[in-house]
Amino acid sequence: MVNPFDRFLWGAATSSYQIEGAWEEDGKGESIWDRFAHTPGRIKDGKTGDVACDHYHRWKDDVALMREIGLQASRFSIAWPRILPQGRGAVHQAGLDFYGRLVDELLKSDIAPFVTLYHWDLPQSLQDKGGWPARDTVDAFVEYSDVVTRALGDRVKHWITHNEPWCASVLGQLAGVHAPGSKDADEALRSAHHLLLSHGAAVPVIRANSPDAEIGITLNLIPAVPASRSAADLDATRYYDGHINRWFLDPLYGRGYPGDMIADYRRKGFVQGEDLAFVQDGDYATMAAPCDFLGVNYYMREICRSHDVPEEENEPRLIQAPGPETRTDIGWEVYPDGLFDILYRVHSGYRPPKLYVTENGCSYGDAPDAEGRVRDERRIAYLRDHFAVAQRAVEQGVPLAGYFVWSLMDNFEWGEGYTQRFGIIWVDYETQERILKDSAHWYADFIRSTPIRLDSAG
Ligand code: IFM
């Protein structure tokens, strides 16, 4: 039988903490993002995701807006503490029911649900027991994946284990700007390892519960470009690429951690001794569990220049690309060709059977005008140019099967609070009114009329 969703899918993405609100409703447990956002000084303007877009109560209307745009797929994440308020143990049926109703409404609307199991809202009670640096959290994630995929595996045909493990480990536990907010290189590396390990350990469990589903993981990948051809800048580029891309891609595709990066991390004091103490026998095989797709989140490239001070050897300085007009409100360069570079590089270097762009989008603050219309032309140009690049990648043989705009609606942008608007739907956070921006109308027309089906099957 032909799977009705076995074609190129145009969608939009969100995540639980960023849109749901209802942070302590219906028996939900506390997450590390609840705790982090409630800690003074962590989030711009002292904002939290307590209410966010109130999607927990407005989900039906939000699905109606997706239908109006004509989305073919919706990527969203599940809040682990709604399902297992204490992280493990007693399953909370009300949490499962919420997502069950959402999935049913999407399917009724002919919108394929792409479900991310972990988009950073770890139950606080697991954090209290050590969080991702602790190996036990791997088992907890597998148990949680089992519970969710048993309940929804008959209806959900696309599972994403983790979103951007680099952010969860490095931003959360080295830079300290995301939850849980620590600054410890050893903890960050352990966390990255346990995130990847839990992905691999969960894959067979998800497959058993949802046998005809596709399973993958989503990485934030950034093409690294040298600022010059000097040996120092080329080495800085190698380092940056290793830190953000290869440290995650290599183990997922059976190569273990990159040796050059282990050496660099040892030099920087991130790793002690010869071995990575947290890697146990069999871990590399587990992490490389065969998957059906890789999700790529693409926003920008980085131009890398070496520092000349010896103690910061291999720590690249990231320099600005020319032209402030090419930046979005959050300061990221607009560089559509980087999407081609990263897709092609992953395809030729790692050969995932399928790829999805699971996030791509831009932050622009255009607000409703006197007629209540949001004329976000820059977002339209951004999406049009990136879609054209995706088209080129498909024509060059990249097995790209779908594309999710980040984001369906303006939402809580982590440490930035509500200052960055990535949505194709405007959200008035006071009234919770939603307005389809011009980009949403443009996307609707694009989906309806796109003459060329971006079909990787050829
Ligand atoms: O909002 C985030 C999302 O949660 C993960 N990827 C990047 C987006 C924009 O920063």
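Going by the numbering used here, the sequence shown opens with residue 294, and the numbers climb by one from there. C-beta: ideal position from N, C-alpha, C; glycine also.
| Item | Value |
| --- | --- |
| For GLY562 and LEU445, the rounded distance between their alpha carbons | 44 Å |
| Reference SER677, options THR341, ILE740, ALA660, closest by Cα | Per the sequence shown, residue 677 should be read as Arg rather than Ser. Comparing Cα-Cα distances from ARG677 to each of THR341, ILE740, ALA660, the minimum goes to ILE740. |
| Of the listed residues PRO645, ARG368, LEU693, nearest to ARG300 (C-alpha basis) | LEU693 |
| Three or more C-beta pairs below 8 Å linking the stretch 440-456 and the stretch 352-359 | no |
| Segments of 4+ residues assigned as alpha helix (DSSP H) that fall wholly inside the stretch 410-438 | 417-421 |
| Inter-stretch contact at 8 Å, needing at least 3 Cβ pairs: the stretch 526-533 / the stretch 472-490 | no |
| Close Cβ partners of ASP568 (< 7 Å) along its chain, the five nearest in sequence each way excluded | none |
| Per-residue DSSP class, three states only, for PRO544 | helix |
| Those residues which DSSP pairs with LEU302 across a bridge | GLY695 |
| Of the listed residues HIS536, THR619, PHE369, nearest to ASP557 (C-alpha basis) | HIS536 |
| Same chain only: Cβ atoms within 6 Å of ILE312, ignoring 5 sequence neighbours per side | ALA345, CYS346, HIS348, ASN704 |
| Assigned secondary structure, ILE635 (DSSP; H/G/I helix, E/B strand, else coil) | helix |
| Residue span of the beta strand (DSSP E) that contains TRP316, given as start and end | From DSSP, TRP316 is part of no beta strand (DSSP E); its letter is neither H nor E. |
| Cβ-heavy atom distance, SER308 to ligand 1, below 6 Å | yes |
| Coil, strand or helix - MET593 by DSSP | coil |
| 6 Å CB neighbourhood of THR307 in its chain, flanking five on each side removed | PHE369, SER700, LEU701 |
| Beta-carbon spacing of PRO416, GLU480 below 7 Å | no |
| Closest residue to GLY493 among GLY465, CYS460, ASP447, PHE541 (Cα-Cα distance) | PHE541 |
| Anticipated Cβ contact below 8 Å, ILE499 with TRP459, distance rounded | Not quite, the Cβ-Cβ distance comes to about 22 Å (not below 8 Å), so this is no contact. |
| Straight-line gap, ALA315 to GLY642 (C-alpha atoms, nearest Å) | 43 Å |
| Secondary structure of LEU488, DSSP reduced to three states | helix |
| Near ligand 1: ASN538 beta-carbon under 6 Å from a heavy atom | no |
| Sub-7 Å separation of LEU490 and THR454 beta-carbons | no |
| GLU652: CB within 6 Å of a non-hydrogen atom of ligand 1 | yes |
| Backbone secondary structure at TYR392 - three-state DSSP | helix |
| Start-end ranges of the beta strand (DSSP E) lying completely within the stretch 302-380, minimum 3 residues | 302-306, 366-370 |
| ARG559 versus LEU464: straight-line alpha-carbon distance, rounded | 20 Å |
| Closer than 6 Å: ASN590 CB and nearest ligand 1 heavy atom | yes |
| Residues that DSSP places opposite PRO610 in a beta bridge | Looking at the sequence itself, residue 610 is Arg, so the reference to Pro does not match. Note: ARG610 sits in a beta bridge opposite ARG598. |
| Candidates PRO406, GLU595, HIS331, of which the one nearest ASP630 by Cα | GLU595 |
| Where the alpha helix (DSSP H) through ILE555 begins and ends | 552-560 |
| Simplified DSSP state of GLU507, which is helix, strand or coil | strand |
| Reduced DSSP category for THR619 - H, G, I as helix; E, B as strand; rest coil | helix |
| Three-pair Cβ contact test at 8 Å for the stretch 539-553 versus the stretch 580-592 | yes |
| Residue environment, GLY690, which counts as buried when at least 16 other CB atoms sit within 10 Å | exposed |
| DSSP bridge partner residues for GLY588 (one or two, in chain order) | THR511, TYR649 |
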